[in-house]
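For the sequence shown, position 102 matches number 106 in our numbering, and the numbering has no gaps at all.
Below is one structure; the comments refer to it alone.
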Amino acid sequence: MAATYLLPVQTALVLFPLVALVLMIPAAVVGYRRRGRAGGRTAVVFYAFVFYLLAIAMQTIVPLPDGSAYCTEPTYASSPQLRPFNFLDVIAHRARGHFGPMALLHNPAVWTTALNVVMLVPLGVFLRYAARMRFLPAVLVAFGVSLFFELTQLTGLWFVYPCPYRLFSVDDLILNTAGGAAGWLAGGPLAKVLPELDAERDRRRYAAKVTVPRRLFALVTDLVAFTVLLAFVFGLLTLFGESLGHRRALIVVLGLVWFVLVPTLTGSTPGKRAMLLRVRRTSGCRAGPVSLLVRNGILLSPLWLLWLLVNLDWNLAAHPEQLLVPVGLLASVVVVVVWSPLAILLDDEHRAPYERLTGTVNTAIVPERVPEESRV
Numbered sequence: 005m006a007a008t009y010l011l012p013v014q015t016a017l018v019l020f021p022l023v024a025l026v027l028m029i030p031a032a033v034v035g036y037r038r039r040g041r042a043g044g045r046t047a048v049v050f051y052a053f054v055f056y057l058l059a060i061a062m063q064t065i066v067p068l069p070d071g072s073a074y075c076t077e078p079t080y081a082s083s084p085q086l087r088p089f090n091f092l093d094v095i096a097h098r099a100r101g102h103f104g105p106m107a108l109l110h111n112p113a114v115w116t117t118a119l120n121v122v123m124l125v126p127l128g129v130f131l132r133y134a135a136r137m138r139f140l141p142a143v144l145v146a147f148g149v150s151l152f153f154e155l156t157q158l159t160g161l162w163f164v165y166p167c168p169y170r171l172f173s174v175d176d177l178i179l180n181t182a183g184g185a186a187g188w189l190a191g192g193p194l195a196k197v198l199p200e201l202d203a204e205r206d207r208r209r210y211a212a213k214v215t216v217p218r219r220l221f222a223l224v225t226d227l228v229a230f231t232v233l234l235a236f237v238f239g240l241l242t243l244f245g246e247s248l249g250h251r252r253a254l255i256v257v258l259g260l261v262w263f264v265l266v267p268t269l270t271g272s273t274p275g276k277r278a279m280l281l282r283v284r285r286t287s288g289c290r291a292g293p294v295s296l297l298v299r300n301g302i303l304l305s306p307l308w309l310l311w312l313l314v315n316l317d318w319n320l321a322a323h324p325e326q327l328l329v330p331v332g333l334l335a336s337v338v339v340v341v342v343w344s345p346l347a348i349l350l351d352d353e354h355r356a357p358y359e360r361l362t363g364t365v366n367t368a369i370v371p372e373r374v375p376e377e378s379r380v
């Protein structure tokens, strides 16, 4: 029995790094815009809650049956259990007249019932502690989560299987919802001993700081979003039968728009705007297109030089100057990957070489206030 419940947790442990990676940028955007930081207590609570949701989802899904052959014969899951409080009869039947403490402790139906209650207790705690939700809405959320899991079982993992392979039970709805309600009630006393989550306090302390993680998140957001844009544009061109023969020129044009034109007009690339950063000259004026072209050209040089290296038609005998590409790539890696991080960390002004060369600096965009409903 223990192995049955441990397998979903082990599966969640394997999947969690991938899920956390997918959520990293959206979570960072929300964190910097609401609290001025992506880490701290709130981030720990958030990712712990994500792992918890993944673990209980795996409890609903795992273990999977062995193919469609499972549906050739009737099973216990073929008919939904729609009689409320049937779990009491199941416990009594398994007890066989023995209701002492030790007998109940060894009764698997008692453990199943208890685990169904405990399953959504952390959800209730989170809804009160972190989401500041009132009792009735929290209970409705717990019921909705339980209903989603039960429907997942009833539909055979939303019709992946031609039959249900786990039992839909109205008792699970009752027990899960009761667990969510119990968690909300426990959340009150627990909130007094758990660390306080104060978004406005974090914002006042961190919103004006331009930290290395904040800059890195902005860069990663730009690169991921720009890649998605390229995939979308190329997909549209392919869909409408257009030739991709000029894709190199299109990449260059889109890159200039994203990393030069947009920040020239607005002060920020889309990634920096998401993290509430802007690029300005050290004098306080908005950076111009030439300084932005040089700045971002150096910053992104390992990527565009690598792209050039891969796509170059090599002919060293006729064009020995092509050797400048790998040499430039090596130099760009040294400047951007080694020198710049060290300069940012060790320099008193925390400025990279390409920032000193172009006379530019990252500055924080500090919102005047945070809406009350977003303070969690």
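The C-beta atom is built at its ideal place from N, Cα and C for all residues, glycine as well.
Check	Outcome
Residue interval of the alpha helix (DSSP H) (run including leucine 310)	305 to 315
Straight-line gap, leucine 265 to proline 293 (C-alpha atoms, nearest Å)	7 Å
Nearest neighbour of tyrosine 358, chosen from Val298, Phe147, Gly275 and Leu350 [CA to CA]	Val298
Contacts around alanine 229, its chain only, beta-carbon distance under 7 Å, and the 5 residues preceding and following it disregarded	Pro274 and Gly275
Local conformation of valine 197 per DSSP, three classes	coil
Check whether phenylalanine 172 and leucine 158 have beta carbons under 8 Å apart	yes
Classification of methionine 62 by the beta-carbon crowding that lies within 10 angstroms, buried from 16 upward	buried
At least three beta-carbon pairs within less than 8 Å, the region 253 to 264 to the region 326 to 335	no
Unbroken alpha helix (DSSP H) run spanning leucine 327, endpoints	It is not in any alpha helix (DSSP H) - leucine 327 carries neither H nor E in the DSSP assignment.
Aspartate 70, buried or exposed, once every other Cβ within 10 Å from all chains shown has been counted against 16	exposed
Threonine 117 - containing alpha helix (DSSP H), residue span	112 to 122
Residue environment, proline 12, which counts as buried when at least 16 other CB atoms sit within 10 Å	buried
Three-way DSSP call (helix, strand, coil) for serine 295 in this model	helix
Reduced DSSP category for leucine 10 - H, G, I as helix; E, B as strand; rest coil	helix
Stretch pair the region 196 to 214 + the region 30 to 48: three plus CB contacts closer than 8 Å	yes
Buried/exposed call for tryptophan 188, threshold 16 Cβ in 10 Å	buried
Three-state class that DSSP yields for alanine 335 in the structure shown	helix
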